[in-house]
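Peer 1: If you scroll down you'll find the structure; I have some questions about it.
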Amino acid sequence: DGGITQSPKYLFRKEGQNVTLSCEQNLNHDAMYWYRQDPGQGLRLIYYSQIVNDFQKGDIAEGYSVSREKKESFPLTVTSAQKNPTAFYLCASSIRGSSSAFFGQGTRLTVV
Amino acid sequence: GQQLNQSPQSMFIQEGEDVSMNCTSSSIFNTWLWYKQEPGEGPVLLIALYKAGELTSNGRLTAQFGITRKDSFLNISASIPSDVGIYFCAGPIQGAQKLVFGQGTRLTINP
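What follows is the structure, given as structure tokens:
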């Protein structure tokens, strides 16, 4: 079945460690996105990529990094520079030129 | 920047009641999207609107693209327990292929 897969669903890390969240899609979508969601709040854009080997910062990119080496994959690294990394992270993808994004199931990151 | 304001922030209703929520912006949007998110899951696209004045239904859900292009409305008729969740409106930022989201409306249903 086509879709977006985020892994793992739950992730625990110690403070000061970098951690990479996986996002894979087999929908043949050109554009991919990473959002952060905090309790009781909406989604805030971290990074997005419209084509392979290209990506742009969103509204809250500080402390995060991404890569887009393959069309299917858009991993997000939460670095030790991110002050409050504990959150629910959502990956999405869309057809280029379309605003309708489809989401993965999310990864809940807890930093202790 | 462009922001979307949703209201109400939360709703507590009885099963069988109709629900109305809205989303407003100070900027014009060319597309309005409505998503539903269940606990611990990613948002799921419910309805997409592409033209001012457009009224679109998806089962018991009906959404409208406001004439001014600065607002949108979502109605749910005859609510059932599985309607529980957070409903988000979203729209693409002008000139960029990225979405901005409202803060969400949390719907709780008493059986």
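Chains A and B, in that order, give the protein sequences.
Residue numbers for the first sequence follow our numbering, beginning at -3 and rising by one.
Residue numbers for the second sequence follow our numbering, beginning at 36 and rising by one.
C-beta: ideal position from N, C-alpha, C; glycine also.
What residues in the segment 75 to 87 of chain B have a beta carbon less than 8 Å from any beta carbon of chain A?
Peer 2: Of all residues in the segment 75 to 87 of chain B, Gly75, Glu76, Gly77, Pro78, Val79, Leu80 and Ala83 have a Cβ within less than 8 Å of some Cβ in chain A.
Peer 1: So which residues of chain A does Thr140(B) contact, with C-beta pairs closer than 7 Å?
Peer 2: In the second sequence, the residue the question calls residue 140(B) occupies position 105. Chain A residues near Thr140(B): none, gap ~11 Å exceeds 7 Å.
Peer 1: Taking a contact to mean a Cβ-Cβ separation below 8 Å, would you say Ser61(A) touches Gly12(A) in this structure?
Peer 2: As a first step, residue 61(A) must be located in the first sequence, where it is residue number 65. As a first step, residue 12(A) must be located in the first sequence, where it is residue number 16. For Ser61(A) and Gly12(A), no; Cβs fall outside 8 Å.
Peer 1: So, are the CB atoms of Ala83(B) and Thr66(B) less than 8 Å apart?
Peer 2: Start at 1 with the first residue of the second sequence, and residue 83(B) comes out as number 48. Start at 1 with the first residue of the second sequence, and residue 66(B) comes out as number 31. Yes, these two residues count as a Cβ contact at 8 Å.
Peer 1: Give, in chain order, every residue of the segment 101 to 118 of chain B whose Cβ lies closer than 9 Å to some Cβ of chain A.
Peer 2: Listed by position along the chain: nothing, the set is empty.
Peer 1: Within a Cβ cutoff of 8 Å, which residues of the same chain sit near Phe108(B), ignoring the five residues on either side of it in sequence?
Peer 2: Here residue 108(B) refers to the residue found at position 73 when the second sequence is read from its first residue. Here the set comprises Ser55, Met56, Asn57, Cys58, Ala98, Gln99 and Gly101.
Peer 1: Using 8 Å as the threshold, is the C-beta distance between Ser112(B) and Arg95(B) below it?
Peer 2: Taking the first residue of the second sequence as position 1, residue 112(B) is located at position 77. Taking the first residue of the second sequence as position 1, residue 95(B) is located at position 60. Taking 8 Å as the Cβ cut-off, Ser112(B) and Arg95(B) qualify as a contacting pair.
Peer 1: Roughly how far, in whole angstroms, is the beta-carbon of Pro71(A) from the beta-carbon of Val107(A), given that I think they are within contact range, below 8 Å?
Peer 2: Taking the first residue of the first sequence as 1, we reach residue 71(A) at position 75. Taking the first residue of the first sequence as 1, we reach residue 107(A) at position 111. About 18 Å separates the two Cβ atoms, so there is no contact after all.
Peer 1: Which residues in chain B have a C-beta closer than 9 Å to the C-beta of Phe99(A)? List them in chain order.
Peer 2: Position 103 of the first sequence, counting from 1, holds the residue named residue 99(A). Near Phe99(A) (Cβ distances below 9 Å), the residues of chain B are Tyr70, Gln72, Glu76, Gly77, Pro78, Val79 and Leu80.
Peer 1: How many angstroms separate the CA atom of Glu20(A) from the CA atom of Tyr44(A)?
Peer 2: Your numbering for residue 20(A) matches position 24 in the first sequence. Your numbering for residue 44(A) matches position 48 in the first sequence. When rounded, the distance between both Cα atoms is 14 Å.
Peer 1: Can you tell me whether Val74(A) is buried or exposed, with buried defined as 16 or more other CB within 10 angstroms of its CB?
Peer 2: Along the first sequence, one-based indexing puts residue 74(A) at 78. With 16 or more other Cβ atoms within 10 Å, it is buried.
Peer 1: Three-state secondary structure (DSSP) at Pro71(A)?
Peer 2: Taking the first sequence and counting its residues from 1, one reaches residue 71(A) at position 75. If DSSP states are grouped into helix, strand and coil, Pro71(A) belongs with coil.
Peer 1: For a test of the three-state rule: what should DSSP assign to Tyr50(A), helix, strand or coil?
Peer 2: Walking along the first sequence from the start, residue 50(A) turns up at place 54. Just to set this straight, residue 50(A) is Asp in the shown sequence, not Tyr. The answer is strand: DSSP assigns Asp50(A) an E or B state.
Peer 1: Please list the partners that Ala83(A) has in chain B, where partner means a Cβ-to-Cβ separation under 9 Å.
Peer 2: In the first sequence, residue 83(A) corresponds to position 87, counting from 1. Residues of chain B passing the Cβ test: none, with the nearest at roughly 13 Å.
Peer 1: Are the segment 82 to 99 of chain A and the segment 125 to 145 of chain B in contact at 8 Å, needing three or more beta carbon pairs?
Peer 2: Judged by Cβ distances under 8 Å, the segment 82 to 99 of chain A makes contact with the segment 125 to 145 of chain B, as three or more pairs qualify.
Peer 1: Out of Arg104(B), Asn93(B) and Ser114(B), state which residue places its alpha-carbon closest to the alpha-carbon of Phe47(B).
Peer 2: Position 12 of the second sequence holds residue 47(B). Considering only alpha carbons, the answer is Ser114(B).
Peer 1: Closest by CA to Asn24(A), which one among Gln37(A), Phe8(A), Val48(A) and Leu7(A)?
Peer 2: The sequence position of residue 24(A) within the first sequence is 28, counting from 1. Per the Cα distances, Val48(A).
Peer 1: For a contact defined as C-beta to C-beta under 8 Å, what are the partners of Leu86(A) on chain B?
Peer 2: Reading the first sequence from its first residue, position 90 is the one you call residue 86(A). Correct list: Gly77 and Pro78.
Peer 1: Which residues of chain C have a Cβ atom closer than 8 Å to the Cβ of Tyr44(A), listed in chain order?
Peer 2: Absent here is chain C; the protein component of the structure consists of chains A and B.
Peer 1: I want to verify the contact list: residues of chain A whose CB lies under 8 Å from the CB of Gly137(B), in sequence order.
Peer 2: What you label residue 137(B) is simply residue 102 of the second sequence in a count that begins at 1. Within 8 Å Cβ-Cβ: Gly38.
Peer 1: Per DSSP, Gln129(B) is paired with what?
Peer 2: Translated into positions along the second sequence, residue 129(B) becomes position 94. In the DSSP output, where bridge partners are listed per residue, Gln129(B) has none listed.
Peer 1: At the level of alpha carbons, what is the spacing between Ser3(A) and Arg64(A)?
Peer 2: The sequence position of residue 3(A) within the first sequence is 7, counting from 1. The sequence position of residue 64(A) within the first sequence is 68, counting from 1. Distance between the alpha carbons of Ser3(A) and Arg64(A): 17 Å.
Peer 1: Hey, is Pro43(B)'s beta-carbon within less than 8 Å of any beta-carbon in chain A?
Peer 2: If you number the second sequence from 1, residue 43(B) lands on position 8. Not one chain A Cβ lies under 8 Å of Pro43(B).
Peer 1: Name the chain A residues whose beta carbon is nearer than 7 Å to that of Thr66(B)?
Peer 2: The residue labelled residue 66(B) in the question sits at position 31 within the second sequence. Simply Ser95.
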